[in-house]
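Chemist:
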Ligand SMILES: [Zn+2]
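In UniProt numbering, the protein residues as written are 1 to 62.
#1: Can you give me the Cβ contacts of residue 24 inside the same chain, cut-off strictly under 6 Å, excluding the 5 residues immediately before and after it?
#2: State yes or no: is the C-beta of residue 21 nearer than 7 Å to some heavy atom of ligand 1?
#3: Note down, in chain order, each residue of its chain lying with its Cβ closer than 7 Å to the Cβ of residue 48, except the 5 sequence neighbours on either side.
#4: Have a look at residue 60 and residue 11 and give me their C-alpha separation to the nearest angstrom.
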């Protein structure tokens, strides 16, 4: 089982080697916090994080 990584750009938790949102491979295994955003348009957290796609995100990514 691979350790989960988070995208350094959008904080998305990514299974694999490329962020499906950014298309970027700058991922980090050092992330903290875990948030599931189901309804970005009505989520304060999503607003703060500039998230507009539902999914799983890390609160902080190093
Ligand atoms: Zn990303």
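Using N, Cα and C, we set each Cβ at its ideal position, and we do this for glycine too. Note that the structure is a prediction, hence the values are computed from the model and not measured.
Modeler: Looking at the coordinates:
#1: What you label residue 24 is simply residue 24 of the chain shown in a count that begins at 1. So the list reads 9, once near-sequence residues are dropped.
#2: Start at 1 with the first residue of the chain shown, and residue 21 comes out as number 21. Yes, ligand 1 has a heavy atom inside 7 Å of this Cβ.
#3: Within the chain shown, numbered from 1, the residue matching residue 48 stands at position 48. Same-chain partners within the cutoff: there are none.
#4: Within the chain shown, residue 60 is the residue found at index 60, counting from 1. Within the chain shown, residue 11 is the residue found at index 11, counting from 1. Going by the C-alpha atoms only, they are around 7 Å apart.
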